[in-house]
Structure formats: C-alpha cells, structure tokens
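Protein chains in written order, with the working numbering: chain E, 520 to 788; chain Y, 520 to 788; chain X, 520 to 788.
Think of the CB as a built atom: it goes at the ideal place given N, C-alpha and C, for glycine as much as any other residue.
Computed from a predicted model, the values in this text were never measured in an experiment.
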Amino acid sequence: MPVITLTTDFGLNDPYVGLMKGVIASLAPEARVIDITHGIDAQDIVQAAHAIRSSYAYFPGGSIHLVVVDPGVGSRRAIIALACDGHCFIAPDNGVLSLILRDRGKGAKVYRMDDGRYYRHPVSATFHGRDIFAPLGAHRANGRGLAEMGTPMDVAEMVPLDLSVGGTAADGSLTGTIIAIDRFGNLVTDVTRERLVEAGLGRAAGNLRVTIGAHTLRGLADHYQSVGPGRPLVLIGSRETLEISINGGSAQHHFKATKGSAIGIFFSD
Amino acid sequence: MPVITLTTDFGLNDPYVGLMKGVIASLAPEARVIDITHGIDAQDIVQAAHAIRSSYAYFPGGSIHLVVVDPGVGSRRAIIALACDGHCFIAPDNGVLSLILRDRGKGAKVYRMDDGRYYRHPVSATFHGRDIFAPLGAHRANGRGLAEMGTPMDVAEMVPLDLSVGGTAADGSLTGTIIAIDRFGNLVTDVTRERLVEAGLGRAAGNLRVTIGAHTLRGLADHYQSVGPGRPLVLIGSRETLEISINGGSAQHHFKATKGSAIGIFFSD
Amino acid sequence: MPVITLTTDFGLNDPYVGLMKGVIASLAPEARVIDITHGIDAQDIVQAAHAIRSSYAYFPGGSIHLVVVDPGVGSRRAIIALACDGHCFIAPDNGVLSLILRDRGKGAKVYRMDDGRYYRHPVSATFHGRDIFAPLGAHRANGRGLAEMGTPMDVAEMVPLDLSVGGTAADGSLTGTIIAIDRFGNLVTDVTRERLVEAGLGRAAGNLRVTIGAHTLRGLADHYQSVGPGRPLVLIGSRETLEISINGGSAQHHFKATKGSAIGIFFSD
C-alpha cells in the first residue's frame, strides 16, 4: 500500500489537515499518510513548488503526493495528476508542479482529474483538500488508475509557474532569490549546485563571492562550524542549493532578509 | 482496529501529544492515531465543541475521538464517554460534547468513566490526557466496552455548554458569533446553513446582508474568486456554516475581527 | 516492528521532519514513527535532554528514540547509540542523553555509530537527521544490531551535559532552574520530587516556600483548581518535577519568567 504525502498551506492550528486524513482513512484504511509540511506560506505557490521538488525523492517509489496550495479553490481551475519519475503528484493546475516537470519531466504523463465520481460529495466550494484531493489520493492508493479517474492532457497545457528564474550575466555572475527561510533563520536560495558548477564553482570555490543587500560573503563553507560562532557563511544546503547561514545564529535576523530578496554570485579569478 | 482521533489545546511545541501517542502505542499497538487539531485556544471549550462537531463525521464509523480541553483537570469533574451517531467520544464532562448531542443525539448513550482500573497509574493531577484519556481510548480500541469501563448516566445529567446561541428577531433577522478564525484569516461563524434556509436564504440569497462591526456585506458568494482580489465576501464554508472572507487576503485583518464578535444577518425583500 | 520516536528542534514549518519520515518509510516501511516534539528551542541541548528523559518511558519497550538537536552537525562530533533501560537512543554525542544515563544508566551500553554503510549517501553537511539518524533508526527497526553498525565505547567517554545542577544549601534550601515553559505558560523546573522529598517535603509540605523573582509562593497544591481563578500555585507536574502555574492563566506572563530563571525552595518549620 503506497505512502500518501501531504504538502499544504493549511497550518496545523485548524482541523483541515485532520479532515483530509479522516477522509483518507475512511476510503483507504491501509494507506499510510506522511506530512511533508503544512507550513507553506498562505497561497505561496512558488514556495510550495520548491518544497515538493526538493522533497519527493526521499519517499518510496510509487508514493502519492497531494500538493494543496490552491488560491483558486472553487473556481474553474483544473485539478491534475502528474505521473513522473516513479511518483504520482495530485495538485491544482496552478504551476505548483512545474519544477518537477522541468527537472524530472522525461516521460511524464499528466491527467485532468475531472471524473467527479471519485470526489467526495457534496463538494464544498472552499475545501477541495477534503472533498477532492484526499479522495483522489485514497482511490489511487487503492489501485485505481489515473486514466480511469481522469482525462489525459498534454504536459504543455499545464499552467506554468510564474517564476523569474535567476539569470546569468555576460561576466559569468549569477543572480538568485531567497525562496524560503527555515526555523533556524537559514536563507534557502534557488541557486542549484548545478548552476554553480556550470558557472565555475569547481574551478574557484575559494573565490566565490555572494552579495546580499550591502553585504559580501566570501568562500564556500563545508558546514556551519567551519566559521566561528556568530559568523556568517555560505554553503550548499541539504536541498542542494546555495544557503546563507550564521553559525549558531539566524541569518534572517543578521541580514534582515526576507523571502523573495535577490542575491548575487560572483567568481573572482 | 478503529481509528483514535485527538482534539486538544496542547499545541505541538510541548511533548504532551507525543506522550498520549506513546501510551496508546504501548496499550493498543495496532490502533491508528490521527490528529484532528491541537490548536484549540487554551481552555476554550466552545471552540473545541464546534471543532469536534464539524469534524468527526469525516472519520470512519466506529472511530474513537478523544477531546481533551480540560480546564478542570485534577478536580472532581467527571470523565465521560458518549456513544453517538456510530462514533465514540471520550472527554471531560464540561460541555465539550454538547453540540454533538444537540445535533446528533438520537439514541446516544453516555457513561461516567469512573473505573480506575483502566487508567494509567500513578495518575498525575495535571495531565489526564496521558494518564486517563489515552488509556481509555486504547482499551476501547482493543474492544473493551464502555459499560465495562464506566457507569451509565443520563444524557440530561451531562454538564451543558455555556453557549449563547444566536437568536432570531421578530423581523426575521439572525445574530451569530465568530467561533474560529483560521490560518487564512477566514471568519468562521456558528450560523448554520439550516438556520439560513429557515430564515429565508433559499428565497432571496441575492438579498442577504451580513453586518460585521460597521461594515455591511451583500449577497452570498459561491467561492473565494467570485469577487475581485482583496474584496470581501460571504459564503457557506466547508463546515456548512456562514464564513466571511477576503479573496486572497485576511478578513481577520480587514475587519479587525476577533473570536466571539457578533454578526448580524438580514434578508431584504 | 518497534516504534521510532522523533525529538528535534526542527519545528513543523519546514519539510525537515517529513523528509526524515520519508527516509524511514523507504528503508523500514513497517516501522511506526511517533513525534515526541519538534518544538525544542533551536539548538537547546539542555531542554532536549530534559524532554527525552521525561518522555521515553511512556513508549513501548524496545522503542528507538532519535534525538536530533545538533548544533555541531557536519563537524567531527560523533553520533552515538545508547542502549539503556530497555530502550534505544540515537543522538549526536553532545550531552543530550546525559540525563537518561544519570538517572537510568545501570547496565547501559553505548556505541559510536561510525559505519557509513548504514548512512544515506551522499551525506549532506547540514542535515544528518535525514542522512544519518533516520537511516540508522530504520536499520535498527529492521533488526540490525547496534554492534553491527557501530563501535563500542565507554559511557565515561560520552560528552557530558553542560548543566548547572541546582544545589542544596547548608540550611536545607534548594535552588532550581526553569527548564521549559509550556503552551499554557506553566513554568517547568528541574527540581524533582525526589529532591524535594529528600529535602523534607514529606514532613512539611504545607510549609514549602518557593521564590521566583521578588515573589514568594507558599504551600503545594494538588491541582490547578486548588486555588481561585487567576491565583498562582506550586505543584508537582506530570514530569514529576516542581511546576509553577496560574489557575486559568499564564505563569509565564504573571511572573515575566524566562527559561533559565532560577527559583529558590525553602522549608520553614
């Protein structure tokens, strides 16, 4: 029986997540449900897209990932299921699966989940997590095929993510964005190790310079304690993207950084 | 093996919820535990009563619901189990199950769970969630009958909820109360669809007027995006009660609303 | 299949906890994972040491407890497994298991978990919860022995907790420390019932005086409602240590107390 994961912006103070689990337990009693996170900022599709992209591969192959960050709930936006990289993703068609498709989209198949027989009725106008996503996940866990429950569509028809991808300047410098700030105040960026390597990281890691606001940080650290207590550092974090941290402190407070802030990356020879 | 759900005001920062699950895992290793919410405001019996009333039916029949919002822990207040609508509820006798009894009480049976043999000993004075509610839930999940573990009592003996139910004025207008504010700033009221229909909703939905503070909202929306971004709306939420929202924003901030605030509902012809 | 518990300072807003569970589900699909808490204050080893000490015994014998509060992640600090009191604890070697060893250490065995074959590769520099602790817990749950995965070491070699244990003065008075403040504002101290009894609690409970800041509280209450609403009280909490509370209120706000504050305990004849 496959794992069903949940990634939402519901938080844990309200009963919303519990209700999704109740519906799943009613339809697929043997399915195992694991929370990835319910702490996505309200209606932040970009943050959710990064979270599921960097998380899903740590779950068993065949897992069913419900991604419910859905500002358009109740409107005519579609609900889609993406079969990709050995996993199944069910989400509103609002771009939240775009990064998976971009990075791992080879051979992907996508379906519009428009067969209401697999919804829970009556379907409310405001809580499709309970009434549509949870039942679809449960039926999939019970072995129902995506093609049985939906209509094939072309991946090119999926709503794209509204994302300003950081660019590369003529001088080889990169720009990136802070996409998440974690509980420790670490600043997680969208600059992947791959982009750094292409831009010259392997050649001159010691000469890396990262700018954030009026600050410039030099070099790439191995781990937090590579620098003294309270000192800033740059490293490749556990998401395989560049992160800015303070050893034993909060980079968020130190740099007064906010989600969405730009950073610059330079390689001096 | 039935599902055991948890509804408490313990929050998730302290180990309290984990300890309840540890005790259940020790006594009923096969039982499946699902959190409804631990975010009930501290000692808010009314909020908990609404949360469990609007949540339990989404869980499988036969589920055991532990509701631990218990300002009187350690005092002589009773602990009761209510068998009702195919579910089992175990809670302090402080009114937290009153709304279930009011709405679905037909054929309900209630027991005073006073047989200490089914508690965990020693019983602390401050944490009956761990020492009484979790063991009772686990023994029930193992098949132990409520009548074996407790003493039948009359439902009329149950402590009632201290609840000012909204009234209906001579002109057909209704009053209601904000009973919860969710993570998105939606204002959840206690005005059920049933009350609205009785008061004339079906006849004149377009003429509905809702007052909150000095504001008046007109009409009933289908979903959040029925109005423009940043605009307020009134709809029937997923709990089947009237909610006040802002499309893409927070009604809590917009209206500076607080839990317990009154609203008025009018039907102009 | 044993229970695996998680005690961390990761919070629940980020995907970190979900990723640990994904890795465990991949390696040990039958293992059951229970959160003790993820609300330990960031990098607060002392708070985590108290939390696991006072929690583990409520879980089934044979449980595997992963304690990941790890300011030194990525540095050369060791990772250890402690077999003790019928439970297994896996943690960084930073003192977080010291209180268990102190209180229940008889017959304990400890291992340095240095066999990288049981890690998840590549091992990141910043997230050993996912790459080392979760896999070790899963392999242990699958029946792999600690001696197979690690190297025996002497318990005396374990890094001790940097802990100023409260002392006993010549006049028999005690000093203690507030080690946690819970969601209700209860002030949890490190003064155990045992220390109180040794100092004379049994003899003169009515004459107990507790000082916190400029305040003095007298006597020991049985439960919160032993005093009137809004009144302060002292009791033995569910961790079997002295706690300071307000009936229906927050001792944290009332006394403007902070974690780490000292309290004094006196017995007047």
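Asked                                                                                                                                             : Found
Cβ distance (whole Å) where residue 764 of chain Y is taken to contact residue 743 of chain Y below 8 Å                                           : 6 Å
Simplified DSSP assignment, three categories, for residue 677 of chain E                                                                          : coil
Top-ranked residue by Cα proximity to residue 719 of chain X, from X:691, X:746, X:704 and X:737                                                  : X:691
Assigned secondary structure, residue 757 of chain E (DSSP; H/G/I helix, E/B strand, else coil)                                                   : coil
Sufficient close CB pairs (3 or more, under 8 Å) joining the region 567-583 of chain Y to the region 773-786 of chain E                           : no
Cα-Cα separation between residue 596 of chain X and residue 677 of chain X, rounded to whole angstroms                                            : 11 Å
Short-range partners of chain Y found in the region 748-762 of chain X, where Cβ spacing is below 7 Å                                             : 754, 756 and 757
Simplified DSSP state of residue 682 of chain Y, which is helix, strand or coil                                                                   : coil
Alpha-carbon to alpha-carbon, residue 661 of chain X and residue 544 of chain X                                                                   : 12 Å
Contacts around residue 530 of chain Y, its chain only, beta-carbon distance under 6 Å, and the 5 residues preceding and following it disregarded : 557
Proximity to residue 619 of chain Y [Cα-Cα], best of Y:776, Y:780 and Y:571                                                                       : Y:571
CB contact flag (residue 528 of chain Y, residue 559 of chain Y, <8 Å)                                                                            : yes
Beta carbon proximity, residue 643 of chain Y to chain B, threshold 8 Å                                                                           : In the displayed structure, chain B is absent; the protein chains listed are E, Y and X.
Own chain residues within Cβ distance below 6 Å of residue 741 of chain X, not counting five before or after                                      : none
Contacts of residue 702 of chain X in chain Y (Cβ-Cβ under 7 Å)                                                                                   : 529, 530, 532, 533 and 561
Interface flag, residue 744 of chain E vs chain X, CB-CB below 8 Å                                                                                : yes
One or two residues paired with residue 764 of chain X in a DSSP bridge                                                                           : X:752
Residue 680 of chain E beta carbon less than 8 Å from that of residue 561 of chain E                                                              : no
Cutoff 6 Å; reference residue 610 of chain Y; Cβ partners in own chain excluding five residues on either side                                     : 586 and 616
Residues near residue 555 of chain E in its chain [Cβ-Cβ closer than 6 Å; skip 5 each side]                                                       : 524, 526 and 574
Closer than 8 Å to chain E by CB, residue 646 of chain X                                                                                          : yes
Those residues which DSSP pairs with residue 521 of chain E across a bridge                                                                       : Paired residues: none, contrary to the question.
For residue 758 of chain E and residue 534 of chain X, the rounded distance between their alpha carbons                                           : 10 Å
Every unbroken alpha helix (DSSP H) inside the region 622-704 of chain E [4 residues or more]                                                     : 653-660 and 665-668
Residue burial classification, residue 634 of chain Y (beta-carbon count within 10 angstroms, cutoff 16)                                          : exposed
Exposure of residue 776 of chain E, with buried meaning 16 or more beta-carbon neighbours within 10 Å                                             : buried
Residue 760 of chain Y to residue 709 of chain E span [Cα, whole Å]                                                                               : 41 Å
Simplified DSSP assignment, three categories, for residue 786 of chain E                                                                          : strand
Residues of the region 540-561 of chain Y with Cβ closer than 8 Å to any Cβ of chain E, in chain order                                            : 551, 553, 554, 555, 556, 557 and 558
Limits of the unbroken beta strand (DSSP E) element including residue 608 of chain Y                                                              : 606-611
CB contact below 8 Å: residue 635 of chain X versus chain E                                                                                       : no
Short CB-CB distance (under 8 Å) between residue 586 of chain Y and chain E                                                                       : no
Minimum Cβ-Cβ distance from residue 665 of chain Y to chain X less than 8 Å                                                                       : no
Neighbourhood of residue 647 of chain Y by C-beta, 6 Å cutoff - its chain only, sequence neighbours within 5 removed                              : 592
Span of the beta strand (DSSP E), counted from its first residue to its last, around residue 734 of chain Y                                       : 734-737
Selection of the region 573-598 of chain Y by Cβ proximity to chain E, strictly under 7 Å                                                         : 574, 577, 578 and 579
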